[in-house]
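Protein chains in written order, with the UniProt record's numbering: chain A, 1 to 307; chain B, 1 to 393.
Glycine is no exception: its CB is placed at the ideal position from the N, C-alpha and C atoms.
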């Protein structure tokens with residue numbers, strides 16, 4: 001493996017990480033601030049992708065679709081919060097897991113009823129077509145550069161919101177000790193609703209961005225959700241900074257693992273066994289890393305809750 | 001002896017359930033078909049194609065199979081073998097279906113083949129064609145109107161060989177069907193396989209693999225990425241600017257995934273025994289009417305199910321509507337006395353088709369939709385490689 005290929009793979013890993021961060025950011029806020037396990041976060045990502053796809057098709061412009069999909073995803077999140085999730089905040093985690101899992105099944109089928117079972121197509125916006133030559137014969141699509149930029153900008157915006165604004169202060173306070181915040185006269189219910197809707201919008205944003213790269217199909221949120229949970233557990237539940245670092249870490253481990261593992265295994269095994277064992281190991285690597293990190297830092301890399 | 005008890009109970013329940021059916025029995029001269037098609041989950045698109053293809057066949061036959069009024073029972077296998085067995089048993093015992101038709105996925109077929117054939121009911125697979133039932137495991141009550149999966153991959157191996165490719169990069173999902181695809185491809189391809197990459201079935205982003213392909217600079221790539229995997233791969237392959245490396249694939253670009261892949265798939269290769277652009281009267285009628293009804297181009301799933309309707313029509317007509325004599329019925333089905341949408345069609349000794357296989361290329365139809373189009377014939381009257389091992393009992 002050449003240095004050049006290694007660098008390209010690192011870039012690919014960063015890009016996967018950024019996309020994961022967009023999904024994980026909302027999840028970690030909801031989990032951290034509200035102590036609410038929302039398995040349905042993945043379907044909100046899917047919903048965002050579908051809304052983006054159909055709004056882009058209806059308006060004829062990816063950008064208009066993106067612009068309209070954000071409030072639509074926000075509203076979808078609010079509706080879900082009012083109808084389902086609000087009634088679960090006081091229940092235990094098992095009830096939350098069961099109910100939100102039900103929402104996954106319901107929305108996966110619902111999406112199929114509305115849009116059909118076949119995957120949808122979202123075209124790359126004309127402005128971002130083409131790519132940058134990063135190694136002989138390989139283009140790095142301009143669109144992915146834009147996703148990278150959008151993800152970094154979102155990360156910056158989130159950091160500013162959480163660290164520098166009053167709402168962000170309340171969110172941080174809520175993550176540390178929610179009853180105390182409530183006792184100080186803050187309407188914690190409204191704060192929860194706001195955080196939730198914002199998280200849903202972030203997931204929807206990630207979904208719209210993913211549309212032109214991945215296939216928009218029922219169940220597309222499920223694989224992302226698992227990785228997003230790994231990210232927030234590694235990063236420390238409730239920590240935006242943790243989610244950012246962990247998402248990049250997971251993206252890098254996953255991508256570099258996939259490209260290096262089979263070659264690494266070839267040192268011990270014959271070629272065909274090495275390929276299959278390497279592939280199997282590479283897909284486990286993220287979870288192995290999570291276990292290793294949790295063994296040393298049980299609360300994640302950037303724990304929020306004191307004690 | 002709970003087994004006997006349960007069976008007795010099951011029998012009793014079945015009799016009870018069957019009673020109203022007997023009271024309201026349809027007029028003599030009817031035939032009931034159970035259509036197994038996945039309707040749940042992301043793969044439902046394929047099940048819908050299958051179901052719609054069969055329904056179109058029935059429509060062209062004016063709702064009759066060989067003169068008998070046909071009634072279909074749709075069975076959603078949910079892509080779960082246990083669910084499939086329960087529902088198929090119910091169709092056999094409660095609904096008293098005369099034939100079971102359909103099945104998209106091999107694992108579902110593996111699960112239901114015994115319950116169906118042990119009740120002396122004919123099972124016509126319109127898609128799943130695992131080699132397990134082609135050789136020693138062949139079954140007198142089992143027919144397929146599709147192909148043996150291995151054959152399709154070997155078509156691509158032969159095509160790569162014929163094109164003079166010397167270095168091919170192979171990438172498949174890391175599960176049994178993926179490894180079978182590699183084996184099938186290698187059975188005909190004699191050149192060098194530069195690298196074999198196995199990806200998890202949940203793979204989203206192929207950028208790591210695409211960088212590897214670019215670094216290896218192969219003459220072509222061979223891949224097998226069904227469903228959403230293929231949609232992701234095809235688009236990312238095009239976006240990465242790799243499209244100048246020929247894209248040879250099986251079950252990756254077809255009419256079920258092309259609407260989502262869009263122009264990114266133009267010029268990519270696939271292999272099959274049928275394509276929508278085949279020019280014969282029955283195919284033209286099938287494709288035109290399918291598009292008129294569903295505003296989508298049919299894929300092999302629909303075509304092979306359509307053929308199954310025509311096959312049953314011919315067989316039931318041959319036996320004069322008498323379904324009780326299974327041996328006569330089997331002979332009639334084996335004769336395959338119908339006009340297939342793919343042209344020449346016959347059954348081999350193992351009840352798998354003997355047919356031509358084609359290299360297909362994604363192109364644009366006159367109406368602007370995308371479809372796979374015949375590029376050249378790779379195998380003529382190809383016999384299943386396992387057929388010789390089959391001893392029908």
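- With fewer than 16 other beta carbons inside 10 angstroms of its own, residue 244 of chain B counts as exposed.
- The DSSP-derived three-state label of residue 74 of chain B is strand.
- Following the DSSP letters along the chain, one finds residue 33 of chain B inside the beta strand (DSSP E) bounded by residues 30 to 36.
- Counted as a single uninterrupted DSSP element, the beta strand (DSSP E) harbouring residue 198 of chain B occupies residues 192 to 199.
- Chain A has a Cβ within less than 8 Å of the Cβ of residue 215 of chain B.
- A direct Cα-to-Cα measurement between residue 16 of chain A and residue 211 of chain A gives close to 14 Å.
- Taken through DSSP and simplified to helix, strand or coil, residue 283 of chain B comes out as helix.
- For residue 259 of chain A, DSSP assigns no beta-bridge partner whatsoever.
- As the crow flies, the alpha-carbon of residue 284 of chain A is around 27 Å from that of residue 81 of chain B.
- Cβ contact annotation for residue 29 of chain A (same chain, cutoff 6 Å, sequence separation greater than five): 195, 199, in chain order.
- About 5 Å separates the beta carbons of residue 307 of chain B and residue 340 of chain B, which is inside the 8 Å limit, making them a contact pair.
- A direct Cα-Cα distance of roughly 14 Å separates residue 351 of chain B from residue 149 of chain B.
- Under DSSP, residue 139 of chain A takes part in a beta bridge, and its partners are A:133.
- Among the residues of chain B, none has a CB under 7 Å from the CB of residue 18 of chain A; the nearest is roughly 11 Å distant.
- Among the residues of chain A, those whose CB is under 7 Å from the CB of residue 212 of chain B are 259, following chain order.
- Judged by pairs of C-beta atoms under 8 Å, the segment 18 to 37 of chain A touches the segment 245 to 260 of chain A, as three or more such pairs exist.
- In the DSSP assignment, residue 167 of chain B falls within the unbroken beta strand (DSSP E) covering 167 to 173.
- Taking a Cβ-Cβ threshold of 7 Å, none of the residues of chain B is close to residue 177 of chain A; the smallest such distance is about 37 Å.
- Just measuring C-alpha positions, the residue of A:2, A:34, A:11, A:39 sitting nearest residue 230 of chain A is A:39.
- Contact of residue 205 of chain B with chain A is assigned, a C-beta pair being separated by under 8 Å.
- Residue 69 of chain A sits away from residue 151 of chain A, with the two beta carbons spaced by 8 Å or more.
- For the pair residue 143 of chain A and residue 124 of chain A, the CB atoms are nearer than the 8 Å cut-off.
- Residue 358 of chain B carries a strand assignment under DSSP once its states are collapsed to helix, strand and coil.
- Inter-segment contact for the segment 237 to 255 of chain B and the segment 321 to 339 of chain B is absent: fewer than three beta-carbon pairs are separated by less than 8 Å.
- As computed with DSSP, residue 217 of chain A is found in no beta bridge at all.
- In the three-state scheme derived from DSSP, where H, G and I count as helix and E and B as strand, residue 301 of chain B is classed as helix.
- Contact annotation: residue 146 of chain B and residue 127 of chain B have beta-carbon atoms nearer than 8 Å.
- Of the candidates A:67, A:262, A:85, A:67 places its Cα closest to the Cα of residue 209 of chain A.
- Contact of residue 120 of chain A with chain B by beta-carbon distance below 7 Å involves 260.
- Put simply, the backbone Cα of residue 172 of chain B is about 11 Å away from that of residue 276 of chain A.
- Residue 257 of chain A and residue 74 of chain A have their C-alpha atoms some 36 Å from each other.
- When the alpha-carbon of residue 177 of chain A is set against those of A:238, A:232, A:114, A:291, the nearest one is in A:238.
- Not a single C-beta of chain A is nearer than 8 Å to the C-beta of residue 267 of chain B.
- Bounds of any alpha helix (DSSP H) do not take in residue 324 of chain B, whose DSSP letter is neither H nor E.
- Per DSSP, the beta bridge partners of residue 101 of chain B are B:35, B:124.
- In chain order, 116, 117, 118 make up the part of chain A whose C-beta sits under 9 Å from the C-beta of residue 48 of chain B.
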